[in-house]
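Undergrad:
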Amino acid sequence: MLNVGKIEEGFVLDHIPAGKSMAIYRYLKLDQLDCTVAIIKNAKSNKMGKKDILKVECDIHSLNLDILGFIDKDITVNIVQNGEIVGKKKLSLPQEIHNVVKCHNPRCISSIEQELPQIFVLSDPQRGIYRCKYCEEKFTETNQSF
Ligand code: CTP
Ligand code: ZN
43 MLNVGKIEEG FVLDHIPAGK SMAIYRYLKL DQLDCTVAII KNAKSNKMGK
93 KDILKVECDI HSLNLDILGF IDKDITVNIV QNGEIVGKKK LSLPQEIHNV
143 VKCHNPRCIS SIEQELPQIF VLSDPQRGIY RCKYCEEKFT ETNQSF
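Residue numbers for the sequence shown follow the working numbering, so the first one is 43 and each next one is one higher.
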């Protein structure tokens with residue numbers, strides 16, 4: 043397997059469904075951060091067949107990873123300090139997501155007023171259903187593919 047060096051401090055996001063690593067890169071706005079990032083695409087995995095891995099070398103307090111819970115709760119978030127994995131972050135569904143997915147209701151105020159933030163709210167935690175804060179349109183995966 044392609045080998046990428048271990049990191050000193052930061053996060054290793056493991057067990058990312060194959061193909062989703064670039065979307066995660068964008069959602070975490072890693073392009074705007076001055077940190078070292080490795081994206082490993084289509085790594086072999088016993089559990090998943092193929093998976094992506096993202097390594098981010100950064101100050102662990104500088105990055106908010108809550109959005110990962112929305113993308114896929116089964117992503118493993120390894121926290122690395124001094125070259126060692128010191129913990130794993132538990133992912134849960136975020137209460138609100140801002141400017142990640144767009145409402146597709148053409149009559150929604152957020153479709154008309156372009157400067158409004160796109161906000162979706164967790165309306166059913168059991169079923170993981172999100173609705174537009176303005177018009178309550180339900181979010182479905184077909185609205186937006188990762
Ligand atoms: N890793 C890293 N830098 C470190 C420590 C670990 O990049 N300083 C990476 C490893 O290369 C590996 C991932 O973090 O890709 C997870 O490491 P580890 O928990 O040791 O591996 P697994 O046993 O495969 O993890 P899991 O139990 O989650 O399957
Ligand atoms: Zn809406």
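Ideal placement from N, C-alpha and C gives every residue a C-beta, glycine not left out. All figures in this text were calculated on a predicted structure; none of them were measured in a lab.
1) Between which two residues does the alpha helix (DSSP H) harbouring residue 112 extend?
2) Would you say residue 84 touches ligand 1, meaning its beta carbon is less than 7 Å from a heavy atom?
3) Distance check for residue 46 and residue 136, CA to CA, integer angstroms please.
4) Cutting at 7 Å between CB atoms, please list the residues of its own chain near residue 99, excluding the five before and the five after it.
5) Name the DSSP bridge partner or partners of residue 140?
6) Is any heavy atom of ligand 2 found at a distance shorter than 7 Å from the C-beta of residue 152?
7) Would you mind giving the Cβ-Cβ distance between residue 172 and residue 139, rounded to the nearest angstrom? I have them listed as a contact below 8 Å.
TA: In short:
1) Along the sequence shown, read from residue 1 onward, the residue named residue 112 stands at position 70. Where residue 112 is concerned, the enclosing alpha helix (DSSP H) stretches over 109 to 113.
2) Here the question's residue 84 lines up with position 42 in the sequence shown. The answer is no for residue 84.
3) For this step, residue 136 is matched to residue 94 along the sequence shown. For this step, residue 46 is matched to residue 4 along the sequence shown. In a straight line, the C-alpha of residue 136 is about 31 Å away from that of residue 46.
4) Translated into positions along the sequence shown, residue 99 becomes position 57. Excluding sequence neighbours, residue 99 sits near 49, 50, 51, 52, 77, 78.
5) Locating residue 140 in the sequence shown gives position 98, counting from the first residue. For residue 140, which the question treats as bridged, DSSP gives the partners 161.
6) Taking the sequence shown and counting its residues from 1, the one referred to as residue 152 is at position 110. Correct: residue 152 has its Cβ closer than 7 Å to ligand 2.
7) Along the sequence shown, read from residue 1 onward, the residue named residue 172 stands at position 130. Along the sequence shown, read from residue 1 onward, the residue named residue 139 stands at position 97. Indeed they touch by this definition, with Cβ atoms about 7 Å apart.
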